[in-house]
Amino acid sequence: MTFIESMIEKARAAGKTVILPENEDERVLRAAVRCTELKIAHIILLGTLEESQKVCPDLDYSGITFVNPKDSPDYESFANQFYEMRKRKGISPEKAHMQILDKTYFGMMMMKNDQADALVSGAAHSTADTLRPALQILRTKEGTKLVSAFFIMVTQRKDLGDNGLFLFGDCGLNENPDAEALSEIALATADTFRFFTHDEPRVAMLSYSTFGSAHSDLTEKVIEATRLAQSKAPDLILDGELQVDAALVPATSDRKAKGNKVEGKANVFIFPDLDAGNIGYKLVQYLGNAEAYGPLLQGIAKPVNDLSRGCSTEDIVGVVAISAVQASAQ
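Numbering (this note's numbering), first residue to last: 2 to 331.
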């Protein structure tokens, strides 16, 4: 059974409700129908059936719930609730009413009021368009110091990672995290890896340097982040700074960084900044023919996950299943 097949099986058992706010994107509509057919989750599409039928008239939308914000009986109460939440930030009642007409904001209010369990967006919107309403309405999970993003990478190299599976962080949100933030990203991604795989994370703090082979402000940040993460979680298998080959190849690991905890068996990669992370995951996805699911968010009070705007229908189906599994743990 593949990773995504296992997520689909768990999602079916969970019986969760997932909101898709982008009902005018063909990929989203085909994914919604596919998720319904596979019984991955109950799907709520925000908008009207007529809008979706204009985009994909060939699809059978039975079993999918459509909710149009401006026609919803919850619109007025959601707008008033949002105003009360944001009035100290200077929002007016009129602006609150306008904002809740935005499908993503409306979807977050549905989750806030326990009308759905997860939300997946981003096929046609930026990460900021998904994250901003999530932080304003759902806010962060208790104990979270930093919201971050990760990708689940399913590669064909079964001899590497966790039977070919890796988590990459942060490849979608934090542009240039300092050492403290980088350490928090590492710990959160390790916890997420453990949740999805039930295996032990082996975390590589990536750099262009391995154990002092180069010296710069860039390498010093990763060295300090490694020190902080190890002090916060001394039992976690985590080390750095490591080049990718030292993180993946035991013989190279022993030669370049003898005695490091990861030992060339990394299954979690922590990238030093968003440049490296975004480039890295796309190289693995397109040149290595890997499946890439995300950017998935960690640290939000309820599951909210982003999509790459280059995503396929299959990618969306996978992220919906992952989101349902995340919701089942809450």
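Glycine included, C-beta positions come from ideal geometry on N, C-alpha and C.
Keep in mind that this is a model prediction, so the values were computed, not measured.
Cβ-based burial, residue i [other Cβ within 10 Å; buried from 16]
i: Q157; result: exposed
i: L188; result: buried
i: R256; result: exposed
i: L166; result: buried
i: D240; result: buried
i: K104; result: buried
i: R28; result: buried
i: A14; result: exposed
i: F196; result: exposed
Beta-carbon spacing of residue i, residue j below 8 Å
i: D200; j: D163; result: yes
i: S208; j: P273; result: yes
i: V121; j: I317; result: yes
i: I271; j: V148; result: no
i: T128; j: L174; result: yes
i: V155; j: F4; result: yes
i: I20; j: M111; result: yes
i: A119; j: P296; result: no
Simplified DSSP assignment, three categories, for residue i
i: E10; result: helix
i: R158; result: coil
i: V29; result: helix
i: V148; result: coil
i: L50; result: helix
i: F169; result: strand
i: G108; result: helix
i: Y294; result: strand
i: T314; result: helix
i: F270; result: strand
i: T141; result: strand
i: V223; result: helix
i: D163; result: strand
Neighbourhood of residue i by C-beta distance below 6 Å, restricted to the same chain and skipping five residues each side
i: S184; result: A226, L229, A230
i: C312; result: A124
i: L275; result: E176
i: A32; result: T314, I317, V318
Residue i - partner residues in DSSP beta bridges
i: G278; result: DSSP output for G278 lists no bridge partner at all.
i: G241; result: M206
i: F67; result: L46
i: V19; result: I44, A119
i: N306; result: V121, L297
Close Cβ partners of residue i (< 7 Å) along its chain, the five nearest in sequence each way excluded
i: T131; result: T105, S122, G123, V305, D307
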